[in-house]
Amino acid sequence: MQPLKIVIVGAGIGGLSCAIISRKKGLDVIVLEKAEKLTPVGAGIQIPPNASRIWAQYGLLEKLKEFSVISKANQLRRWKDGSLLCSRSIGETLNPQWPWLVIHRADYQKVLVKECERLHVDIRLKSEVYDVDFENTRVLLKNGDVVSGDVIVGADGLWSTLRTRVLGHASPPQETGDLAYRGTFSLEALQTLRDPKVDELCLRNLVTMWIGPESHAVFYPVRCGREFNLVMTQPDDLPAYIKTKQGNLEEMKTTFKDWDPLLTKLLTAFPSVLKWKMMHHDELPSWTKKNFVLLGDACHPSLPYQAQGAAMAVEDGTIIANLLAAYQDAKASSLTHPSLPETLKLYELLQKERTTTLHLGSISNQRLYHLDDGQEQEERDLILKNASFEDLPDGSSEPFIWIDARYQKAILGRDVVGDAQDSWEQAVRNGSR
Ligand SMILES: Cc1cc2nc3c(=O)[nH]c(=O)nc-3n(C[C@H](O)[C@H](O)[C@H](O)COP(=O)(O)OP(=O)(O)OC[C@H]3O[C@@H](n4cnc5c(N)ncnc54)[C@H](O)[C@@H]3O)c2cc1C
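Listed below in structure tokens is the structure:
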């Protein structure tokens, strides 16, 4: 029997992950990418345990570790003086086999592309898709090509064209009211500041966050500690039609001038920054149509305030690949099994509630991080300082998901492959009754 042919539109982290795992599961894969060259956008990215677990299962974790740092904890600090509010190592210590990694996006992408090459995935650059023919399971490209397959996966990101086709109307992402300055420093640039506190910060293998009125900052090492990533958020002042823009360093320094002197010192070493509008999207009515399915930012972009956007895209790709492989195996053995559209719906059922929870969790973290100084902030700080990170005995929740052990374990300790297998087996059992 011929293997299933999967056509993936978009070679971001989600599309490449789906391609790798599909190939490893014995499916045929074509990736169509509109860019001429695969260049990562942005600087650092965190790979939380739910994603590193997948890479451990599919043999890429050791490769990723060669380029990253294992973060020991996530720390929240007060914006004005950098005093420690809370240190969380709940995800980092969940299971040492699934570390919390921090990596440069270029390195993450390089590892994924190399793996695609090793597995002979057909990645076609300069291949912009503008339409989908749902009846015949094929996509139409701007260069005139038509590519057909058994399944089409729309992994075309935040501004997804294919989302529009599934919904039948335009559905752009919505503004969140925040923007981010994003950039990296080299270790040498930070060492030239000759500041013992900066040197000490560089030695911490941590994700450090300063939280303050309407803004927060995130700092962590990448490239095995040879470079550092800094993201600073603030209220969005970009016009609606501008998504990203070269940032003005002086303007940024003025915005954060009253923050922790350690942070303002870091800013003096910033070579350049990008200003980035932060967007998200409410839950879509459907992610699938016939043999077509959306994944990653194309169907659930959220504020990146839990470092889960790409991790969710990796989860999506893993589930799709596992379910399609199960479908292929069942078809080969002539067992009663769900149809292809039903198989894709199983993925949507597994991921929609989870990604909606994360979307809402990111919005609640936005509020947690950005409180104005005052009574509410003082109460928050007290709660953070007293966080136990233990399951509450009566099943109740902490006031903030950031310190809620049950929530964090559910997000970070998820067994995606097991869940995909269970949902397939249950669907087969239900169908054969
Ligand atoms: C400031 C910031 C920090 C973040 N930090 C983290 C983090 O620490 N951890 C984390 O997990 N996530 C993080 N995220 C979120 C994460 O970056 C995204 O969720 C993730 O990259 C989405 O991956 P994707 O593959 O779905 O989409 P993309 O990475 O956007 O990939 C889409 C691809 O499709 C291609 N494409 C688009 N249209 C077409 C077309 N018509 N035809 C062909 N190709 C097309 C694009 O060129 C692109 O290559 C962060 C986001 C931001 C903004």
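Under our numbering, think of the first position of the sequence shown as 115, with each following residue one higher.
Don't be surprised by glycine CBs; every beta carbon is placed ideally from N, CA and C.
Delimiting residues of the alpha helix (DSSP H) encompassing residue i
i: V265; result: It is not in any alpha helix (DSSP H) - V265 instead sits in the beta strand (DSSP E) that spans V265 to G268.
i: Y521; result: A519 to L526
i: Q223; result: R219 to R232
i: S136; result: I127 to K138
i: Q489; result: Q489 to K499
i: P375; result: P375 to L381
i: Y441; result: G423 to A446
i: E364; result: L363 to T369
i: T275; result: T275 to L281
Residue i (DSSP reduced to helix, strand or coil)
i: E147; result: coil
i: E176; result: helix
i: L356; result: Strictly speaking, residue 356 in this sequence is Ile, with Leu absent from that position. It is coil, neither helix nor strand.
i: K256; result: coil
i: M115; result: coil
i: N188; result: strand
i: L208; result: coil
i: G532; result: helix
i: P455; result: helix
i: W154; result: Inspection of the sequence shows that residue 154 is occupied by Pro rather than by Trp. P154: coil per DSSP, three-state reduction.
i: C413; result: coil
i: V312; result: helix
i: K391; result: strand
i: L464; result: helix
i: E539; result: helix
i: Q420; result: coil
i: S476; result: helix
i: T251; result: coil
i: T402; result: strand
i: L408; result: strand
Identity of the residue in the options nearest residue i by Cα
i: L458; options: D486, A421, N405 and D443; result: N405
i: C316; options: E328, F333 and K139; result: F333
i: Q360; options: S386, G205, R468 and V336; result: S386
i: I515; options: N164, I122 and I204; result: I204
i: K357; options: E341, F370, N319 and L388; result: L388
i: K240; options: K151, R279 and L320; result: K151
i: A440; options: T471, S136, K499 and A165; result: S136
i: E314; options: E493, Q442, P335 and T298; result: P335
i: K194; options: Q171, I168 and G326; result: G326
i: L281; options: V246, T298 and N257; result: V246
i: K371; options: Q348, A354 and Y355; result: Q348
i: L178; options: K228, I433, A157 and D508; result: K228
i: Q522; options: K466, L506 and T306; result: L506
i: L141; options: I120, R252, G339 and Q171; result: I120
i: S400; options: A133, R232 and H283; result: H283
Sub-8 Å separation of residue i and residue j beta-carbons
i: A383; j: A303; result: yes
i: W373; j: R191; result: no
i: V265; j: E429; result: no
i: G126; j: A269; result: yes
i: Q480; j: L377; result: no
i: A501; j: I517; result: yes
i: P154; j: A220; result: yes
i: L146; j: V260; result: no
i: M366; j: L381; result: yes
i: R277; j: L464; result: no
i: S131; j: G431; result: yes
i: V345; j: V123; result: no
i: L208; j: G527; result: yes
i: M393; j: T290; result: yes
i: P213; j: I184; result: yes
i: G410; j: G271; result: yes
i: N343; j: T298; result: yes
i: H218; j: E328; result: no
i: E397; j: T306; result: no
i: K403; j: L199; result: no
i: D350; j: L293; result: yes
i: L482; j: R494; result: yes
Limits of the unbroken beta strand (DSSP E) element including residue i
i: V235; result: Looking at the DSSP string, V235 is not in any beta strand (DSSP E), and its letter there is neither H nor E.
i: W169; result: W169 -> not in any beta strand (DSSP E); alpha helix (DSSP H) instead, spanning P163 to Q171.
i: G291; result: Q288 to S300
i: R202; result: L198 to R202
i: I325; result: V321 to G326
i: K284; result: The sequence as given places Ala at residue 284; Lys does not occur at that position. A284 -> no beta strand (DSSP E), and no H or E assigned at all.
i: T347; result: E341 to P349
Whole-number beta carbon distance between residue j and residue i, since they are thought to touch under 8 Å
i: S201; j: Q189; result: 5 Å
i: I161; j: L226; result: Going by Cβ atoms, the distance from I161 to L226 rounds to 12 Å, so no, they are not a contact pair.
i: I159; j: Y244; result: Their Cβ separation, rounded to whole angstroms, is 29 Å, which puts I159 and Y244 out of contact at 8 Å.
i: A524; j: L460; result: About 20 Å; that fails the 8 Å criterion.
i: Q442; j: P117; result: 7 Å
i: L320; j: A187; result: 5 Å
Proximity test, residue i beta-carbon vs ligand 2 heavy atom, cut-off 7 Å
i: I525; result: Among the ligands present in this structure, namely ligand 1, ligand 2 is not found.
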